[in-house]
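Enquirer: The numbers in UniProt numbering rise by one with no breaks, and the one at position 7 of the sequence shown is 7.
This is the structure, below, for whatever I ask next.
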Amino acid sequence: MPEWSFTLLVNQPLTAEQADVFDHCDAFADGSVSYTLGPENPGDFARVPDASALRELSCDIDAPTLLDAVAQVARDLRLVPGLRAVGVRYDDIVTLEEATRRSGRELSRRQEASAGFPAPEPGVGGTEFYSWRKIAAWLARLGDDVPETPPDLRVADLALRLADALEAVDVPPGVLRALGLPLPAT
Numbered sequence: 001m002p003e004w005s006f007t008l009l010v011n012q013p014l015t016a017e018q019a020d021v022f023d024h025c026d027a028f029a030d031g032s033v034s035y036t037l038g039p040e041n042p043g044d045f046a047r048v049p050d051a052s053a054l055r056e057l058s059c060d061i062d063a064p065t066l067l068d069a070v071a072q073v074a075r076d077l078r079l080v081p082g083l084r085a086v087g088v089r090y091d092d093i094v095t096l097e098e099a100t101r102r103s104g105r106e107l108s109r110r111q112e113a114s115a116g117f118p119a120p121e122p123g124v125g126g127t128e129f130y131s132w133r134k135i136a137a138w139l140a141r142l143g144d145d146v147p148e149t150p151p152d153l154r155v156a157d158l159a160l161r162l163a164d165a166l167e168a169v170d171v172p173p174g175v176l177r178a179l180g181l182p183l184p185a186t
């Protein structure tokens, strides 16, 4: 089964209590989902160098499809009181293995170098990282139809954003039906 890497956006930074529940939840025991815990005092969030990271979960999930992977984490996240998924994104920086999964095509820097394959991004360490946008543009020049953002990711992000929006308002059942949306379970 493929492993999907993505960033799940959550409705709020984790509190110490939520982090404790998260850390002791069987659904997250394998370490495939990680978070950044901010300061105990929410007023100090502004002093965190990248405060947006406090509302992000890094996910590396084994699932048949990307949509299945996102849905699995979004469902499991509801086990942590007060926490819910509100969006999802792919990061631009990928390994060749991740780019191969996204493109559905075997990619090798050595094989593709003569055809103008993008160079690795500058970085640290022994692993080479690439820009997905540059790889997608290169594939497009070769005639491959590889979207920069996979349809599964767009569907998952839009569904999570809609669910979050519906969380804050009272929408009559008739309006939900008229919009083609399922009625919430009662």
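Every residue, glycine too, gets a C-beta built ideally from N, C-alpha and C.
The beta strand (DSSP E) with L9 in it runs from where to where?
Expert: Start at 1 with the first residue of the sequence shown, and residue 9 comes out as number 9. Where L9 is concerned, the enclosing beta strand (DSSP E) stretches over 3-10.
Enquirer: For Q72, which residues of its own chain have a beta-carbon under 7 Å away from its beta-carbon, when the five flanking residues on both sides are left out?
Expert: Your numbering for residue 72 matches position 72 in the sequence shown. The residues are I61, A63.
Enquirer: Any heavy atom of the ligand COA inside 7 Å of the beta-carbon of M1?
Expert: Among the ligands in the structure shown, none appear at all, so the ligand COA cannot be discussed.
Enquirer: Buried or exposed, going by whether 16 or more other CB atoms sit within 10 Å of the CB of A99?
Expert: Indexing the sequence shown from 1 puts residue 99 at position 99. So A99 ends up on the buried side.
Enquirer: Using the rule of at least 16 other Cβ atoms within 10 Å of the residue's Cβ for burial, across every protein chain shown, is L139 buried or exposed?
Expert: For the purposes of this step, residue 139 is taken as residue 139 along the sequence shown, with counting starting at 1. It counts as buried.
Enquirer: My output table needs one value for V171: the three-state DSSP class, helix, strand or coil.
Expert: Here residue 171 refers to the residue found at position 171 of the sequence shown. If DSSP states are grouped into helix, strand and coil, V171 belongs with coil.
Enquirer: Tell me which same chain residues have a C-beta within less than 6 Å of the C-beta of L107, skipping the five on either side of it?
Expert: The sequence position of residue 107 within the sequence shown is 107, counting from 1. Closer than 6 Å at Cβ, skipping near neighbours: L96, A99, T100.
Enquirer: Considering only the beta carbon of each residue, do A178 and L67 sit closer than 8 Å?
Expert: Taking the first residue of the sequence shown as position 1, residue 178 is located at position 178. Taking the first residue of the sequence shown as position 1, residue 67 is located at position 67. In this structure, L67 does not lie closer than 8 Å to A178 by Cβ.
Enquirer: List, from N- to C-terminal side, the alpha helix (DSSP H) runs of 4 residues or more that fit wholly inside the segment 72-128.
Expert: Here the runs fully enclosed are 96-103, 109-112.
Enquirer: Any contact of the segment 23-36 with the segment 120-130, i.e. 3+ C-beta pairs under 8 Å?
Expert: With a cut-off of 8 Å, the segment 120-130 and the segment 23-36 do not count as touching, because too few Cβ pairs lie within range.
Enquirer: When burial is assigned at 16 or more other CB atoms within 10 Å of the CB, is L158 buried or exposed?
Expert: In the sequence shown, residue 158 corresponds to position 158, counting from 1. Classification for L158: exposed.
Enquirer: If you count every other CB in all the chains shown that lies within 10 Å of the CB of G104, and 16 or more means buried, which is it?
Expert: On the sequence shown, residue 104 is found 104 positions in, with the first residue counted as 1. Answer is exposed; the Cβ neighbour count stays below 16.
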